[in-house]
Every structure is written in structure tokens, then in C-alpha cells.
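Asker:
Number of protein chains: 2
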Amino acid sequence: MDKGQLLHLFNQKQRLLMKELNDCLKSFDLYSSQWTILYTLHQKGKMTQTEVWQYLKVEAPTTTRTLVRMEKSGWITRKTGKDKRERVVDLTETAKKKFPQILAAIKVAESSFLSNLSEEELHTLEKLLGKLTIERDEA
Amino acid sequence: MDKGQLLHLFNQKQRLLMKELNDCLKSFDLYSSQWTILYTLHQKGKMTQTEVWQYLKVEAPTTTRTLVRMEKSGWITRKTGKDKRERVVDLTETAKKKFPQILAAIKVAESSFLSNLSEEELHTLEKLLGKLTIERDEA
DNA sequence: GTTATTTATTTACCTGGGTAAATAAAATCG
DNA sequence: CGATTTTATTTACCCAGGTAAATAAATAAC
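Protein sequence lines, in the order shown, are assigned to chains X and B.
All the letters of the first sequence, read from the start, carry residue numbers 744 to 882 under this note's numbering.
All the letters of the second sequence, read from the start, carry residue numbers 744 to 882 under this note's numbering.
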């Protein structure tokens, strides 16, 4: 088995998915990463920025930048908490109101992307993806 | 099956892989996308830029930029062909000489990433990834 | 042969992933 | 309490994905 080819395929499909999601979010003035955060906040409610990036496993500076953009475009608020170092992030009313529509559009795109897989294959894929790892030297 | 969660996992693993590959390429002053091009040129020999981006399914401007960087850092040459619009891309001697070492390092990283999958699971994963699609309206 | 169209590439500008280093506030240590 | 260390966030700067529009050369059309 050519592992390089397999991982190349993996990358290409990921880009294809991102492209499709961005396309589908375009009409809402949203981008895929922003949607991920929006969805997370909708599920979990108020979070500090650290909670956000740790949960999404994205680096802090990347998250900061995306959150700043989302604040500017009116999707979230970033209020200073009791601990004045931290920023508490929350959805705006507008975001909450628009959420169902966006979710519906996303679900269409996601279902389309996965449309050739049976329920069983979906489970298999999830299981196999879960096995992909980087072995890190533990100190 | 929560498709959103599955695709989120998909993204996270892809980022993990990219991170690992970039890490492993760091000592060669290379980046994952540059490696992909380097590998392609090693396999296929001289190519025009259009052949490169069409083969890798990456947009032309993205490819141009990466190729310019690779030219600057001495991995490739970009010569004007008979058709003066096109640029023919080729590996430098340095690149050819260093190639085996880099390939070896990459293979270690890739094998590590896939180390929890059996040969059969690798085939299954490839098959499932191949089924991921975006249905485009055909004109 | 001159004009119009296509094709290859580039430029300018987004978003978004990363790292390294700088703040600033809280917590800890002595 | 004052000094040190930790923690949360930000800033600056990479690389890399995308789109839209501009060149420039080749081709096609007239």
C-alpha cells in the first residue's frame, strides 16, 4: 500500500470539503473555521478563548484572530471576565437567530460530501480516522 | 451518526498530519506543500506549472506562489518554454541529490501517522476516502 | 492581417494553519 | 509585601488554501 498516495488523497478530500463548506457559508458571510466556533459556542454556551482553542485543538493565536474577525462581523462578543486576563466569548442575538438556517445549509453540504457512504461505512471511517496518531515523545 | 463530528475529526487529523510533516521537513528547509511538488516532479520529471496544479488539484495562484518560493530556495528552476506563456518547472541538482534523504524522513512520519492501521484498514480507508465527493452541477 | 478569444501565469487580497516572542494579569514563593 | 513564575491573550511573521482581476502570449475568427 502506497501510504504517500493515501495521505495525498486524504489532503485533497479535506480541501474539497473546506471549499464546499466555505461555498455554502458564503451567503451568510461566514467561513468554515468561523462556523466551527459558532457551532461550538451554540452547543456549549459562553467559553473563554482558552477553552475554545483547547477544545478545537487549534493554536491560541489562530483562534484569537478568527474570534476578532467574528466579533467585527457581529457574530460574537468578547467580554473581559473576572480574571482580567481572560476573554469570555459568547454568541450575539443575531448569531443565535441565524443559527438554525446556517446549520441546515451546512448539513446539506456535509450530507452531500458523505452521500456515497453507508451508515456502516460512516462508522468505519470514524473508527479509522480515530486511529490516526502522532506518537509524541512524552517527557 | 453525527456527520458534523465525523468531519470535524477529519479536519483535526488532517491538521495533525500537516503539522507532523512540516515538523519533519523543517530540518530540510521545506514545507509540506513544497514537498508534494518536489515529490511530483521527481516522479514525473519536467512539467509546466499548469500540469502541476492540475495534477495536484490546487489552484494556479497558490501553485505559482509555492513554486516561486521553491525557486528562491533553490529546489527548482522555472524556465520559459517554446510557448512563452508557460513556465517549465524542473528539479535542481541539489534537490535531486537530497531527495532520497527527505523521502526517507517523510516515510517515517507517514508510517508513524498510520501506524495503528493494519494493511487491510489502510485499504479500507483509501476506499472510503475515495468515496467522498462534492456533487457539482454539470453545465 | 487584424481583431477577438482563449490559455498560462501572475498580482492583489481574503481566511486560516502554524511558531516565537511580547504583554498583562494572576498566582506563587520567599 | 516584593520578586518570580505561571497563565491568557496578543502581536508579528511564516506558509498555504482560496477568489477575482490583470497581463501576455498563442490561437481562432473574420
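Glycine included, C-beta positions come from ideal geometry on N, C-alpha and C.
Would you call the segment 784-797 of chain B and the segment 817-834 of chain B in contact, with 3 or more CB pairs under 8 Å?
Answerer: Contact between the segment 784-797 of chain B and the segment 817-834 of chain B is present, because at least three Cβ pairs lie under 8 Å.
Asker: Is N754(X) closer than 9 Å to M813(B) when the C-beta atoms are compared?
Answerer: No; because the gap between Cβ atoms is not below 9 Å, this pair is not in contact.
Asker: Quick one: which chain B residues come within Cβ less than 7 Å of T867(X)?
Answerer: Ordered by position in chain B, the residues that pass the 7 Å Cβ test against T867(X) are T867 and L871.
Asker: Three or more C-beta pairs under 8 Å: does that hold for the segment 773-787 of chain B against the segment 836-854 of chain B?
Answerer: With the cut-off at 8 Å, the segment 773-787 of chain B and the segment 836-854 of chain B touch.
Asker: Using a C-beta cutoff of 9 Å, does E881(B) count as contacting chain X?
Answerer: Residue placement at E881(B) is poorly supported in this model, since its pLDDT is 45, which falls under 50; the coordinates still yield a value, given next. It does not: the Cβ of E881(B) has no partner Cβ on chain X nearer than 9 Å.
Asker: Starting from the Cα of K815(B), find the closest Cα among E794(B), E863(B), D772(B) and R758(B) and give me that residue.
Answerer: Taking only the C-alpha atoms, the option nearest K815(B) is D772(B).
Asker: Taking buried to mean at least 16 other C-beta atoms within 10 Å of its own C-beta, is A838(X) buried or exposed?
Answerer: By the neighbour-count rule (16 or more Cβ atoms within 10 Å), A838(X) is buried.
Asker: Would you list the one or two residues that DSSP bridges to K822(X)?
Answerer: Paired residues: V831(X).
Asker: Quick one: using the 10 Å Cβ neighbour count with 16 as the cut-off for buried, is T809(B) buried or exposed?
Answerer: Buried.
Asker: Buried or exposed: which applies to L764(B), given that a residue is buried once 16 or more other Cβ atoms fall within 10 Å of its Cβ?
Answerer: With 16 or more other Cβ atoms within 10 Å, it is buried.
Asker: If you measure between the beta carbons of S855(B) and T805(X), is that distance less than 9 Å?
Answerer: Not in contact: S855(B) and T805(X) (Cβ atoms no closer than 9 Å).
Asker: Which residues in chain B sit within 7 Å of S800(X), going by Cβ to Cβ distance?
Answerer: Residue 800(X) is actually Lys in this sequence, not Ser. Ordered by position in chain B, the residues that pass the 7 Å Cβ test against K800(X) are Q755.
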